[in-house]
Amino acid sequence: GAGVSQTPSNKVTEKGKYVELRCDPISGHTALYWYRQSLGQGPEFLIYFQGTGAADDSGLPNDRFFAVRPEGSVSTLKIQRTERGDSAVYLCASSLGVRGGKDTQYFGPGTRLTVL
Amino acid sequence: TQLLEQSPQFLSIQEGENLTVYCNSSSVFSSLQWYRQEPGEGPVLLVTVVTGGEVKKLKRLTFQFGDARKDSSLHITAAQPGDTGLYLCAGAVQNQGGKLIFGQGTELSVKP
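The listed protein sequences correspond, in order, to chains D and W. Here this note's numbering is used: the first residue of the first sequence is 1, the next is one more, and so on. Here this note's numbering is used: the first residue of the second sequence is 1001, the next is one more, and so on.
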């Protein structure tokens, strides 16, 4: 596909469960970002990867959140022991590089996570 | 903590009116991006500005980056119902890689 894809589009889970959210970036894009958007708010940065390594994970709220990008392409955001406050839309974006923040980020449609 | 203050948060106007959305911060940005987001979708890029004082036009939309690269504005001329949506500004903070700081968003409603 030409754009960033995310699966699943919707995920409903129960409090305390483990979830994985997947992101497929645009082919050839070396940088990949995760953001979280709560209702009525702008997206909030979580983590970004340059290649396989996490270049900045300062936005992860706590140690229940973890993300990987083992081969420098697809990334998975993992949330352990989910809480109701984790309910939000999780957005993934990719860019060709980083270039000091000047490379455009292209967003996927998001995964809507609901924790009951 | 970097903040990007976006205003107004809500705007309801009649077709044909002009409007301006503002984003302000105390941080210097290496670039600033404007996005539009529809319900159930991810943000879609409208424009990226990188040079202080830069002005870009996209049909009826005019984007300006402040001289000090701390603020930006989006001006829409003769708004149309099709302009309705959520507008987001996002800045890449200088020396912090590609991480974007988003404003709270402006929910624009243009009534026919």
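Built from N, CA and C at the ideal position, the CB exists for glycine as well. None of these values were measured; they are calculated from a predicted model.
- One alpha carbon belongs to Ser1031/W, the other to Asp1083/W, and they sit about 24 Å apart.
- When DSSP states are grouped into helix, strand and coil, Gly1082/W belongs to the helix group.
- Interface annotation for the segment 1011 to 1031 of chain W against chain D: Phe1029, Ser1030 and Ser1031, criterion Cβ-Cβ distance under 9 Å.
- Classified as buried, Gln105/D has 16 or more neighbouring CB atoms from the shown chains inside 10 Å of its CB.
- Identification of residues in the segment 87 to 105 of chain D having a C-beta nearer than 9 Å to some C-beta of chain W yields Val89, Leu91, Cys92, Ala93, Ser95, Gly97, Val98, Arg99, Gly100, Gly101, Lys102, Asp103, Thr104 and Gln105, given in sequence order.
- Around Pro25/D, no beta-carbon contact reaches into chain W at under 8 Å, the shortest distance being about 13 Å.
- The C-beta separation of Val1028/W from Ala1068/W comes to about 7 Å, placing the pair in contact by the 8 Å criterion.
- Interface criterion not met: the Cβ of Pro1008/W is under 7 Å from no Cβ in chain D.
- Counting the other Cβ atoms within 10 Å of the Cβ of Phe1010/W gives fewer than 16, which makes it exposed.
- In this chain, the beta strand (DSSP E) harbouring Glu44/D covers Glu44 to Gln50.
- Arg36/D has Glu44/D and Tyr90/D as its beta-bridge partners, per DSSP.
- Taking 8 Å as the upper bound for CB-CB distance, Phe1102/W and Gly42/D are in contact here, some 3 Å apart.
- Under DSSP, Asn10/D takes part in a beta bridge, and its partners are Arg112/D.
- DSSP places Arg1069/W in no beta strand (DSSP E); its state is neither H nor E.
- Taking Asp103/D as reference, the option from Ser73/D, Gln6/D, Ala93/D and Ile79/D with the minimal CA-CA separation is Ala93/D.
- Residue pairing of Lys15/D in beta bridges, as defined by DSSP: absent, with no partner found.
- A residue is called buried once 16 or more other Cβ atoms fall within 10 Å of its Cβ, and Ser58/D, having fewer, is exposed.
- For Gly53/D, the three-state secondary structure derived from DSSP is strand.
- Looking at the backbone, the Cα of Leu39/D and that of Ala88/D are separated by about 7 Å.
- In this structure Ser1026/W touches Lys1070/W by the C-beta definition: roughly 7 Å separates them, less than 8 Å.
- The beta carbon of Pro109/D falls within 7 Å of a beta carbon belonging to chain W, placing the residue at that interface.
- In the three-state scheme derived from DSSP, where H, G and I count as helix and E and B as strand, Arg22/D is classed as strand.
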